[in-house]
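>
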Ligand SMILES: Cc1ncc(COP(=O)(O)O)c(C=O)c1O
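Residue numbers (the numbering used here): -14 to 346.
(1) Start and end of the beta strand (DSSP E) containing residue 138?
(2) Looking at C-alpha atoms only, which residue of 105, 94, 230, 109 is the closest neighbour of residue 320?
(3) Give the straight-line distance between the Cα atoms of residue 12 and residue 31, rounded to the nearest whole angstrom.
(4) Just verifying my parser: in three-state terms, what is the DSSP assignment at residue 301?
(5) Would you kindly work out how many angstroms separate the C-alpha atoms of residue 314 and residue 170, rounded to a whole number?
(6) Hey, how far is the Cα of residue 189 from the Cα of residue 331?
(7) Is residue 116 near ligand 1, with its Cβ less than 7 Å from a heavy atom?
(8) Take residue 288 and list the residues in its own chain whose beta-carbon comes closer than 7 Å to its own, dropping the five residues that flank it on each side.
(9) Measuring straight from C-alpha to C-alpha, what distance separates residue 341 and residue 280?
(10) Could you check whether the Cβ of residue 259 sits closer than 7 Å to any heavy atom belonging to ligand 1?
(11) Indicate the three-state DSSP secondary structure (helix, strand or coil) for residue 213 in the structure shown.
(12) Please write down, chain order preserved, every residue whose beta carbon lies under 6 Å from a heavy atom of ligand 1.
(13) Is residue 163 helix, strand or coil by DSSP?
(14) If we ignore side chains and look at the alpha-carbon of each, how far apart do residue 284 and residue 260 end up?
(15) Would you please state the rounded distance, in angstroms, between the beta carbons of residue 157 and residue 136? I believe it to be under 8 Å.
(16) Rounded to a whole number of angstroms, what is the C-alpha to C-alpha distance between residue 238 and residue 252?
(17) Using beta-carbon positions only, say whether residue 66 and residue 51 come within less than 8 Å of one another.
(18) Look at residue 56 and residue 185 and say whether their C-beta atoms are less than 8 Å apart.
(19) Could you pull the start and end residues of the alpha helix (DSSP H) that residue 176 belongs to?
(20) Which class does residue 224 belong to by DSSP, given the choice of helix, strand or coil?
(21) In angstroms with no decimal places, state the Cα-to-Cα distance between residue 292 and residue 317.
(22) Alpha carbon to alpha carbon, what distance is there between residue 163 and residue 119?
(23) Below 8 Å between beta carbons: does that hold for residue 45 and residue 194?
(24) Residue 250 by DSSP, collapsed to three states: which one?
(25) Please look up how many angstroms separate the CB atoms of residue 145 and residue 231, rounded, as I've assumed it's under 8 Å.
(26) Please state whether DSSP places residue 255 in a helix, a strand or coil.
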């Protein structure tokens, strides 16, 4: 039985009529940019996270750039960011004028910690980007206790929870991506900034709209970066189901544990106090190529996401040269994402475990 890496369509089958109606209502309204759907979704998403404000933007990458600028990050500043993440986590920093400073991760959770951030702190540090990688939730409170503002990159962590609250309400601000494969995905590009800081939210609103409040006077050099009405309407239909989909992702993780996968490969470990809605289910093995080849031969989709860490990408050479991050290098060499979705069944998990057992058991 072939097992896909994601399944973004099955969870939407029962919502198709509602989605069509929502799209049609936008067509009827003839409002496409910054209208009632975006405002309503911003309110609903802020409430979902437990934040005061949500500001819809064009994608999760610009969400980071705009949030950093709204936090006051600019030329001459340093922003600490993990190198084991999607490239955009760091790519979003140079457009602010600041420089990325790469830090290491905890090898078990793939997230940054207060300890790994401390090693990268300097008097020029203006912010830390805590990436909630693969749906795990970085220990934001411990990082904040170092005395530096934290921007959560929660692109992969919609639906995850912690004892301290939800991603989106843990740091000074947070950013989300609604890229179609995400835990909460739209039908194109979309992003969000959340914060409980009134002034930060106001600055983000101005920045996403050409640096203007009214498109008459321009107080900043900003961006044209807005979530659109169609995507907001689509996301409003889906948001009430996020919790149930997150539970499905947690259950899929338990299926893997019960199938005995943990005896064969390293399983992802939740950060203490967090309950991840796994976006990607990333296992590790020292002979990961053998595992990858065997899974692929058994028609089980799998993928290494970040084989080359960000600090070793050509575009980051200026900031990444001479940086040594042993846990990042190890994770980059040994990780492998295996199938994960809200509807991954025990039978599918058994199939994956059997193929893994045949390869590395
Ligand atoms: C951790 C992380 N940060 C940022 C982004 C950027 O989001 P987008 O693709 O919406 O620009 C993504 C996803 O694509 C991501 O996974």
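Glycine residues also receive a C-beta, built at the ideal position from the N, C-alpha and C atoms.
The structure presented is a predicted model; accordingly, all values stated were derived computationally and were not measured.
In short, the structure shows the following:
(1) The count along the chain shown starts at 1 and reaches residue 138 at position 153. Start and end: 135 to 138.
(2) As a first step, residue 320 is located in the chain shown; it is residue number 335 there, counting from the start. The shortest Cα separation from residue 320 among 105, 94, 230, 109 belongs to 94.
(3) Sequence index remark: in the chain shown, residue 12 carries index 27 (1-based). Sequence index remark: in the chain shown, residue 31 carries index 46 (1-based). Whole-angstrom Cα-Cα distance: 25 Å.
(4) Within the chain shown, the letter at position 316 stands for residue 301. Collapsing the DSSP output to three states places residue 301 in a helix.
(5) Numbered from its first residue, the chain shown carries residue 314 at position 329. Numbered from its first residue, the chain shown carries residue 170 at position 185. Using only the alpha carbons, I get a separation of about 30 Å.
(6) Taking the chain shown and counting its residues from 1, the one referred to as residue 189 is at position 204. Taking the chain shown and counting its residues from 1, the one referred to as residue 331 is at position 346. In a straight line, the C-alpha of residue 189 is about 43 Å away from that of residue 331.
(7) For the purposes of this step, residue 116 is taken as residue 131 along the chain shown, with counting starting at 1. In terms of side-chain proximity, the C-beta atom of residue 116 is found nearer than 7 Å to a non-hydrogen atom of ligand 1.
(8) Within the chain shown, numbered from 1, the residue matching residue 288 stands at position 303. Excluding residues up to 5 positions away in sequence, -10, 322 lie with their Cβ nearer than 7 Å to the Cβ of residue 288 in the same chain.
(9) Indexing the chain shown from 1 puts residue 341 at position 356. Indexing the chain shown from 1 puts residue 280 at position 295. Taking the Cα positions, residue 341 is about 7 Å away from residue 280.
(10) Against the chain shown, residue 259 aligns to sequence position 274. For ligand 1, no non-hydrogen atom lies closer than 7 Å to the CB of residue 259.
(11) As a first step, residue 213 must be located in the chain shown, where it is residue number 228. It is a strand residue.
(12) Result: 44, 45, 46, 70, 71, 73, 74, 116, 138, 140, 141, 162, 164, 174, 176.
(13) Here residue 163 is taken as the residue at index 178 of the chain shown, counted from 1. In the structure shown, residue 163 sits in coil (DSSP, three-state: anything other than H, G, I, E or B).
(14) In the chain shown, residue 284 corresponds to position 299, counting from 1. In the chain shown, residue 260 corresponds to position 275, counting from 1. Their Cα atoms are separated by approximately 30 Å.
(15) Mapped onto the chain shown, residue 157 falls at position 172. Mapped onto the chain shown, residue 136 falls at position 151. So it is a contact: roughly 6 Å between Cβ atoms.
(16) Here the question's residue 238 lines up with position 253 in the chain shown. Here the question's residue 252 lines up with position 267 in the chain shown. Whole-angstrom Cα-Cα distance: 9 Å.
(17) For the purposes of this step, residue 66 is taken as residue 81 along the chain shown, with counting starting at 1. For the purposes of this step, residue 51 is taken as residue 66 along the chain shown, with counting starting at 1. No; because the gap between Cβ atoms is not below 8 Å, this pair is not in contact.
(18) For this step, residue 56 is matched to residue 71 along the chain shown. For this step, residue 185 is matched to residue 200 along the chain shown. In contact: residue 56 and residue 185 (Cβ atoms closer than 8 Å).
(19) Residue numbering aside, residue 176 sits at position 191 when the chain shown is read from its first letter. No alpha helix (DSSP H) contains residue 176, which is instead part of the beta strand (DSSP E) from 176 to 180.
(20) Your numbering for residue 224 matches position 239 in the chain shown. When secondary structure is reduced to three states using DSSP, residue 224 falls in the helix class.
(21) On the chain shown, residue 292 is found 307 positions in, with the first residue counted as 1. On the chain shown, residue 317 is found 332 positions in, with the first residue counted as 1. Computed Cα separation, rounded: 5 Å.
(22) Start at 1 with the first residue of the chain shown, and residue 119 comes out as number 134. Start at 1 with the first residue of the chain shown, and residue 163 comes out as number 178. Each residue's alpha carbon lies about 14 Å from the other.
(23) Within the chain shown, residue 45 is the residue found at index 60, counting from 1. Within the chain shown, residue 194 is the residue found at index 209, counting from 1. No, the Cβ-Cβ distance between residue 45 and residue 194 is not below 8 Å.
(24) Residue numbering aside, residue 250 sits at position 265 when the chain shown is read from its first letter. Judged by DSSP in its simplified three-state form, residue 250 adopts coil rather than helix or strand.
(25) Sequence index remark: in the chain shown, residue 145 carries index 160 (1-based). Sequence index remark: in the chain shown, residue 231 carries index 246 (1-based). Confirmed, Cβ separation roughly 7 Å.
(26) As a working mapping, residue 255 is identified with position 270 in the chain shown. Three-state DSSP puts residue 255 in coil, outside helix and strand.
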